[in-house]
Each structure stands twice: as structure tokens, then as C-alpha cells.
Amino acid sequence: MVKSEIGAPVCEETGAGAEAERVERNNNYIFAIFGGCLMLLSLVLPFAYAKKELSAGLTILQVLLWAVFCAAWLRQGYLVERAGIGFNAGDAALKSESPSRLQEILLFLLVFGPSCFAYIYVTQLNTAYFGFNYVLMFVVAGFATLIFPLWLAAAYLLYQCLAWVLVGRVMWGGWMNLADVVTMISGYFFSAMMFYIFRRERNSRSRAFALSVELDRANEKLRAFSRQVEELAATQERNRIAREIHDTIGHSLTVVNMQLETAKALLSSDREKAAAFLDKAQEVTKRGLAEVRSSVASLRASPLDGMPLHRALEALLKSSFGPAIQLDFELVEGDEAMPAASESALYRCAQEALTNVRKHADASQVSLSLDLSERQKVRLEVCDNGKGCSGTSGGFGIMGIRERIQLLDGEVSFYTSPGNGFRLSISLPR
Numbered sequence: 001m002v003k004s005e006i007g008a009p010v011c012e013e014t015g016a017g018a019e020a021e022r023v024e025r026n027n028n029y030i031f032a033i034f035g036g037c038l039m040l041l042s043l044v045l046p047f048a049y050a051k052k053e054l055s056a057g058l059t060i061l062q063v064l065l066w067a068v069f070c071a072a073w074l075r076q077g078y079l080v081e082r083a084g085i086g087f088n089a090g091d092a093a094l095k096s097e098s099p100s101r102l103q104e105i106l107l108f109l110l111v112f113g114p115s116c117f118a119y120i121y122v123t124q125l126n127t128a129y130f131g132f133n134y135v136l137m138f139v140v141a142g143f144a145t146l147i148f149p150l151w152l153a154a155a156y157l158l159y160q161c162l163a164w165v166l167v168g169r170v171m172w173g174g175w176m177n178l179a180d181v182v183t184m185i186s187g188y189f190f191s192a193m194m195f196y197i198f199r200r201e202r203n204s205r206s207r208a209f210a211l212s213v214e215l216d217r218a219n220e221k222l223r224a225f226s227r228q229v230e231e232l233a234a235t236q237e238r239n240r241i242a243r244e245i246h247d248t249i250g251h252s253l254t255v256v257n258m259q260l261e262t263a264k265a266l267l268s269s270d271r272e273k274a275a276a277f278l279d280k281a282q283e284v285t286k287r288g289l290a291e292v293r294s295s296v297a298s299l300r301a302s303p304l305d306g307m308p309l310h311r312a313l314e315a316l317l318k319s320s321f322g323p324a325i326q327l328d329f330e331l332v333e334g335d336e337a338m339p340a341a342s343e344s345a346l347y348r349c350a351q352e353a354l355t356n357v358r359k360h361a362d363a364s365q366v367s368l369s370l371d372l373s374e375r376q377k378v379r380l381e382v383c384d385n386g387k388g389c390s391g392t393s394g395g396f397g398i399m400g401i402r403e404r405i406q407l408l409d410g411e412v413s414f415y416t417s418p419g420n421g422f423r424l425s426i427s428l429p430r
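For the sequence shown, full-length UniProt numbering begins at 1 and goes up steadily by one.
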């Protein structure tokens, strides 16, 4: 068990993949036992039901057939060490063995099938000499469906049915009657159908297992990406706080230090000027303290503190400037319901815009308007009559506003020119 950085436990091997692998392993155990019993039965049954002593040639032929069947069974991977591998020609395991695939098919057709028909011809299907081993032929028909592509399995079934008819023609000197042919062919196709159903079910399990593994890998990648995003967000927030401290506290302390040094130098010669510098230092200190409080407030998880958005924006406007600045707040009333993420984004953007006005605009009038009248959109606008600027490409604050709004599929625009103030317009879908 590994602990992720976001606090959620992450298993090195997830439960879904492990469960799928366990089920596949159990199925292989079951089918390995089934295959072993079937092979043992095919070896013992003829000897158990034979009413006469078998000749050495028939015994050797029976053992040869059993050995070929056993080898084919094991080669196709029903034992546990081949767990998870299906028999579809499209399976990854079979693709990796494609050079030997044609050899397997030829071996099956040229060795196993003719050997079985040689047995039929030699024994004349006489159960007194060789029991009921002909039942194995139905298993062979089904097995062809299991290991071959569907078209090739159908061709092999046709080949086996024709061989039966031809062998009967040679053995008995005439054609088999229609009832025997239909019964034999029906048995073949029933066996093939049952094996084909098993093949489909097994391939479905194999695909489900592969999809489960892919899903586990995708989830792990998603968790890793989530951790990276979280780290990036934390880094961006640290950088923002560092810039905020540099721009506010650092600047304020530098100005205060200069004012105090000047006041100290003038204290003995000109007390009025010294007092004026001390007043300026006090004013800068108050402004710096207000900026520190604003920065601390921006770190809160919920900047609105449960207030409606319009009240929070009005309070933000009033707390951002002193009495020397004319402030105008306008609310176009309407439905204020919107996602919490949208409320937070609008508040943060207004906060950043007002901070930029306070730092750079040198404005005497600032206005903030919130339009809630539209059902599909919310509009926010911040204006000032300050000195303006020649462009809006630089600055981390403007970049941050753009990024916040674009993440919520909103639109943001800036209007400014030297001497004509600055206007920020935001349109955000509800």
C-alpha cells in the first residue's frame, strides 16, 4: 500500500485486476482437470468396454491417438502456466506465435484427423474390438472450433463429415443411410457449437481482464497527473504569495525606512518637515497593513464567507481604498444563483483588478458593477479614471484573471489607453 500525496490510499496492485486474474486462474484449474479426465477416459474407455482382447496394433493405435490428443490439448494452453490466454486468432499471445501457427494447423489436420479415420477403418466401428472410442471424434470436431478461426473450423467440420461418408463407402461398399448421416453431422455441429460458446465466453473474459488492466493503468496515470496538478497549483500559489509580499510589504517597508531616515536627519533642524515625513511613513504603514490583510484574506478557502456575491464585492470595494477615492458600486438585480466556483472566480478577479488599480492606476474614481439580469450569463465590470497604460499583455495579475475565467468557459476583455483609465469586463456562464 502506497500513500499518495493527496491523502488517498493507492494500491500497487488494484483489486479489479487481481480479482480478474484470480478468476482466470481458477477457470484454468477447472479446465485443466476437465481436460485430464477427458484424456484419461479416452484412453481407458476402449479397453474397459472391449469384449475381446485387443490386438497389439489396435492398442498402439489407441495409445497413439491418446498421445496426439493429449499433446494438442497441452499445446493449446489449458494448463495454469498459460493463464489468461484465449484461443482467438487475434489474441496477443497467438500473434506472438504466428510463425508456428500454420504448422500447428497442418499438424492437426494431417496427423490427428487421418489417425482417427485410420482407427475407424481398422476397427470397422466394432465396439467388440475397440469400445466406444468413436465418441472422441465429436470432441475432435469441437476442439477444431476452439483452436481455429471460425471459417477454418467450419472447413474442418465439413472435411470430417465428408471423410465419415467416404470411409463408410469404402468399408461397407455403399453410402451411409440418410438418418446415420444426419445424426452424425448433428452430433458434430452440436459439439462444435458447445466449444464455440466456450471460446466466446473465454475470449470475453480475456478481453475483460485486459480492459481491467488498462483501466488500472489509466487510473494510476490519472492519480499521478492529479498529484502533478496539485504540486503545480501549490507552486503557483507560493509564487503568487511571494510576489504579493515583494510588491506590498517589501515596497512599504522600503518607503517607511526612507521616510524614517529622512525624519531622523531633520529632527534636530526642522521639526515640521520631520513630522511631515513621519506622517507619510505612518500613511505608508497603514496602506501596507491593509494590503497585508487583503493578501491574507485572499488565502481563505471561501473568500465570500457565506455572504451573497454582490455584498462581498461591495465590501471588497470599500475596504480596498481610503476616503480620498470616490467609489461607485452598481448592482443590476436578478437571479444570483450560480456555482460556487463561478462566485469565487468573480470575487478573485475583482480583487485582483482592484489591487492593480490601487497599486498602479493613480485613480481618483473607481467603479464596480455586477449584472445579474441575464439568465445565462453574469457580467462583472471594474473601471477607473487613472493613468491607464499602452497595453495589457504583461503582468501576472492580468494573466491570472484570464486563466481563471477561461477555465470556466467565460470571456474577459480589457480596455485601456494612456491617460484614459482602465476597464475590465468579464462575462461568465452560470
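Beta carbons: idealized from backbone N, C-alpha and C, even for Gly.
What you are looking at is a predicted structure, and each value in this text was computed from that prediction instead of being measured.
query                                                                                                                                                                              : result
With a cut-off of 8 angstroms, do at least 3 Cβ pairs link the stretch 366 to 374 to the stretch 313 to 321?                                                                       : yes
Whose CA, out of Gln282, Glu283, Thr262, lies closest to the CA of Gly273?                                                                                                         : Here the sequence assigns Lys to residue 273, which means Gly is not the residue at that position. The residue with the shortest Cα to Cα distance from Lys273 is Thr262.
For Glu97, count neighbouring Cβ atoms within 10 angstroms of its own Cβ and tell me buried if that reaches 16, exposed if not.                                                    : Reliability of the predicted coordinates at Glu97 is poor, the pLDDT of 43 falling under 50, and the value obtained from them is presented with this limitation in mind. Label assigned to Glu97: exposed.
Using the rule of at least 16 other Cβ atoms within 10 Å of the residue's Cβ for burial, across every protein chain shown, is Gln406 buried or exposed?                            : exposed
For Phe225, which residues does DSSP report across the bridge?                                                                                                                     : DSSP output for Phe225 lists no bridge partner at all.
Alpha carbon to alpha carbon, how far is Gly77 from Ser226?                                                                                                                        : Caution applies to Gly77, whose pLDDT of 49 falls short of 50 and renders its modelled position unreliable; the value that the coordinates give is listed next. In a straight line, the C-alpha of Gly77 is about 41 angstroms away from that of Ser226.
Here's the rule: buried if 16 or more other CB atoms are within 10 angstroms of the residue's CB, otherwise exposed. What is Arg271?                                               : exposed
Go ahead and pull the three-state DSSP assignment for Lys387.                                                                                                                      : coil
Kindly provide the ranges of any alpha helix (DSSP H) runs that are 4 or more residues long and lie completely inside the stretch 318 to 391, ordered along the chain.             : 340 to 356
Just to confirm my understanding: we take Leu331, look at its own chain, exclude 5 residues before and 5 after, and list those with CB closer than 6 angstroms. What are they?     : His310, Leu370
Buried or exposed for Gly419, going by 16 or more other Cβ atoms inside 10 Å?                                                                                                      : exposed
Taking the alpha-carbon of Val378 as reference, which of Arg430, Glu333, Ala353, Gly397 has the nearest alpha-carbon?                                                              : Arg430
In the DSSP assignment, what are the bridge partners of Leu428?                                                                                                                    : Val378
Since Gly410 and Ser427 should fall inside the 8 angstroms C-beta cutoff, what is the C-beta to C-beta distance between them, to a whole number of angstroms?                      : 6 angstroms
Where Gly421 and Ala218 are concerned, what is the direct C-alpha to C-alpha distance, given to the nearest angstrom?                                                              : 50 angstroms
Beta strand (DSSP E) containing Ser417: first to last residue?                                                                                                                     : Unbroken run through Ser417: none, as it is neither H nor E.
Measure the beta-carbon distance from Leu408 to Ala341 and round it to whole angstroms, keeping in mind my assumption that it falls under 8 angstroms.                             : 7 angstroms
Assuming contact is defined by CB atoms lying nearer than 7 angstroms, are Gly386 and Ser417 in contact in what I supplied?                                                        : no
Rounded C-beta distance between Leu166 and Tyr188? I'm assuming under 8 angstroms.                                                                                                 : Contact flag wrong, Cβ pair sits at about 15 angstroms.
Compute the distance between the beta-carbons of Ala345 and Arg293, then report whether it is under 7 angstroms.                                                                   : no
Closest to Ala363 by C-alpha separation, out of Cys383, Gly306, Leu372, would be which residue?                                                                                    : Cys383
Is it buried or exposed for Gln160, if we count other Cβ within 10 angstroms and need 16 for buried?                                                                               : buried
To the nearest angstrom, how far is it from the Cα of Thr235 to the Cα of Gly397?                                                                                                  : 16 angstroms
Alpha carbons only, please: which of Phe209, Gln376, Leu152 is nearest the one belonging to Met338?                                                                                : Gln376
Just the C-alpha distance for Ser413 and Phe329, rounded to the nearest angstrom, thanks.                                                                                          : 20 angstroms
Does DSSP classify Ser269 as helix, strand or coil?                                                                                                                                : coil
Buried or exposed: Leu232, going by 16 or more other Cβ atoms within 10 Å of its Cβ?                                                                                               : exposed
My assumption, with CB atoms under 8 angstroms, is that Gly334 sits in contact with Ser373. Please give the rounded CB distance.                                                   : 4 angstroms
Going along the chain, which residues of its own chain have a beta-carbon closer than 8 angstroms to the beta-carbon of Ala275, five neighbours each way excluded?                 : Ala263
Within the same chain, show all residues whose beta-carbon is closer than 6 angstroms to that of Asn356, passing over the 5 residues directly before and after it, in chain order. : Gly397
If you compare alpha carbons, which of Ala224, Ala281, Pro308 is closest to Thr254?                                                                                                : Ala281
Please report the straight-line C-alpha distance between Val284 and Met258, rounded to a whole angstrom.                                                                           : 11 angstroms
Cβ of Val255 within 6 angstroms of any heavy atom in the ligand GDP?                                                                                                               : The ligand GDP is absent from the structure shown, which contains no ligand whatsoever.
Looking at the strands, I want to know which residues DSSP matches up with Arg423.                                                                                                 : Cys383, Tyr415
What residues in its chain sit with their C-beta under 6 angstroms from that of Arg287, if we drop five residues either side in the sequence?                                      : none
For Glu336, tell me which candidate among Leu215, Pro308, Ile249, Phe321 has the shortest Cα-Cα distance.                                                                          : Pro308
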